[in-house]
Amino acid sequence: MKGLGVLGLVALSECLVTIPLMKIKSMRENLQENNVLDDYLEKYPYSLAYKFLDNRPDPGVAYEPMRNYLDVSYVGIVSIGTPPQDFKVVLDTGSADLWVPSVYCHSGACSSHSSFDPLRSSTFLVSGQLFHLVYGSAAISGFLAYDTVRIGGLVDVAQAFGLSLQEPGNFLKHAVFDGILGLSYPSLAFPGTTPVFDNLWRQGLMDQNLFAFYLSRSEEKGSVLMLGGVDPSYYSGQLTWVPVSKPSYWQIAMDSISINGKVIACDGGCQGIIDTGTSLLSGPPDHVLNIQKLIHAQPDHGQYVVDCDTVDTLPDILFTINGVDYPVPASAYVRKSHPHTCHSGFEGLDHPFYPETWVLGDIFLRLYFTVFDRANNRIGLAPAA
């Protein structure tokens, strides 16, 4: 998914390491080793399966499974209202609001997706406040409301969310998701509202004020959002912590980007944003163009094509963050769109307010399990299992 999360979001309303002493195999690991994990998840509903998957004594950790749509977007299920109405949403660290289509929206995008009907919910409250959101690839308008939201088995009461009245254009019409659930800081949210994650914490539904993402590679199943805790079976080694440099997006300071020991971008340092709602690696257009040349990518109708036969010979691109190197191999940054067509996973991002900022999207996050620690304003990174 291109640019739905970070750097495109503008709210215009009324102005928007714990180290275990002993490693015991989890139920998830045992199922995987015996090649029956997929059968288990097929047999039991996702929410129920993950509720018991690791046989955890800690009721404060919740799991929200996500479906991987062709490595382009990761989508979970949330329920809104009483009785619940289900919606597929992108779980997006590049924005802070929850919105879904309403039955009062007559745009083509709304008619092709699930829509929320306020008259079917006994706990629905309308606020009377309008909103307008602009993303990198889409824009929506609608009104704010309050209702019960369920995610990962947690019940969030009186949650503010947006109901769309207009979703112009074709991007959302063909999207695999109905709406978006933002997981960034409250400063990016609708004015006067509290985001979903903050409400879950305030209502005492989690033991720890953090969440974490594991994004599967190519496989449709297996991706998961963890709320209130971390399952170490999803990563290897130890988490390395990076302080948040600006608590609005999940923004960090990066040291450099290099190939074979030579700095090719972010020379002298730059800012990076960790964004689950963006599928690619985005950065300043001139720096990205330099990378395209170094990997021999050729322009083609707004994208950059790479010779599929050269992928094995292309170098790793090294992102150095807080003194630690995070290599991204060509197998990750070159995307095979068709059997004989490969595209570069880098794109130029020309944003007037963030001229030297990089967005580390799903290409990076598939490689590195990521913990978003709100209590300490830091991000934890470790190689994904």
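Residue numbers for the sequence shown, in mature numbering (1 follows the signal peptide of the UniProt record, and there is no 0): -15 to -1, 1 to 370.
We put the beta carbon where it would ideally sit given N, CA and C, even for glycine.
* **Residues bridged to residue 379 [DSSP beta-bridge criterion]** => The chain is shown from -15 up to 370; residue 379 falls before or after that span and cannot be answered.
* Starting from residue 243, follow the beta strand (DSSP E) in both directions and report where the run begins and ends. => On the sequence shown, position 258 is the one that residue 243 refers to. Where residue 243 is concerned, the enclosing beta strand (DSSP E) stretches over 241 to 244.
* Asked: How many angstroms separate the CA atom of residue 351 from the CA atom of residue 182?
  -> Position 366 of the sequence shown, counting from 1, holds the residue named residue 351. Position 197 of the sequence shown, counting from 1, holds the residue named residue 182. Roughly 22 Å between the two C-alpha positions.
* Pair within 8 Å by beta-carbon distance, residue 258 and residue 304 -> Residue numbering aside, residue 258 sits at position 273 when the sequence shown is read from its first letter. Residue numbering aside, residue 304 sits at position 319 when the sequence shown is read from its first letter. Their beta carbons are not under 8 Å apart, which means residue 258 does not touch residue 304 by this criterion.
* When DSSP labels each residue in this structure, what does residue 172 get in the three-state scheme? -> Residue 172 sits at position 187 when you count from the first residue of the sequence shown. It is helical.
* To do: Take the Cβ of residue 223 as the centre, count every other Cβ of all protein chains shown within 10 Å, and call the residue buried at 16 or more, exposed below.
  => Sequence index remark: in the sequence shown, residue 223 carries index 238 (1-based). Residue 223 comes out exposed.
* Shortest alpha-carbon distance to residue 225 belongs to which of 82, 306, 90, 273? -> On the sequence shown, residue 225 is found 240 positions in, with the first residue counted as 1. The candidate whose alpha carbon is nearest that of residue 225 is 306.
* Considering only residues of the same chain and omitting the five flanking positions on each side of residue 60, which have a CB-CB separation below 7 Å? -> Position 75 of the sequence shown, counting from 1, holds the residue named residue 60. Excluding residues within five positions, the ones whose Cβ falls inside 7 Å are 51, 52, 54, 73, 74, 75, 161, 162.
* To do: Specify the secondary structure class of residue 88 as computed by DSSP and reduced to three states.
  => As a position in the sequence shown, residue 88 is number 103, starting the count at 1. Looking at residue 88 - three-state DSSP - the assignment turns out to be coil, as it is neither helix nor strand.
* Alpha carbon to alpha carbon, what distance is there between residue 143 and residue 169? -> As a working note, residue 169 is residue 184 in the sequence shown. As a working note, residue 143 is residue 158 in the sequence shown. Their Cα atoms are separated by approximately 19 Å.
* Determine the contact status of residue 291 and residue 328, defining contact as a CB-CB distance below 8 Å. => As a position in the sequence shown, residue 291 is number 306, starting the count at 1. As a position in the sequence shown, residue 328 is number 343, starting the count at 1. A contact, by the Cβ cut-off of 8 Å.
* Asked: Taking just the CA atoms, how far does residue 341 sit from residue 238?
  -> Position 253 of the sequence shown, counted from the start, is the residue given in the question as residue 238. Position 356 of the sequence shown, counted from the start, is the residue given in the question as residue 341. The alpha-carbon atoms of residue 238 and residue 341 are separated by roughly 11 Å.
* Is it a yes or a no for the segment 307 to 315 touching the segment 248 to 255, going by three-plus beta-carbon pairs under 8 Å? -> No, because fewer than three Cβ pairs between the segment 307 to 315 and the segment 248 to 255 fall closer than 8 Å, the two stretches do not touch.
* Taking one C-beta from the segment 200 to 208 and one from the segment 120 to 127 each time, how about it: are there three or more such pairs within less than 8 Å? -> Under the three-pair Cβ rule at 8 Å, the segment 200 to 208 does not count as touching the segment 120 to 127.
* Give me whichever residues DSSP pairs with residue 53 in a beta bridge. => Your numbering for residue 53 matches position 68 in the sequence shown. Its beta-bridge partners are 59.
* Please report how far the alpha carbon of residue 79 lies from the alpha carbon of residue 104, in whole angstroms. => Position 94 of the sequence shown, counted from the first residue, corresponds to residue 79. Position 119 of the sequence shown, counted from the first residue, corresponds to residue 104. The straight-line gap from Cα to Cα measures roughly 31 Å.
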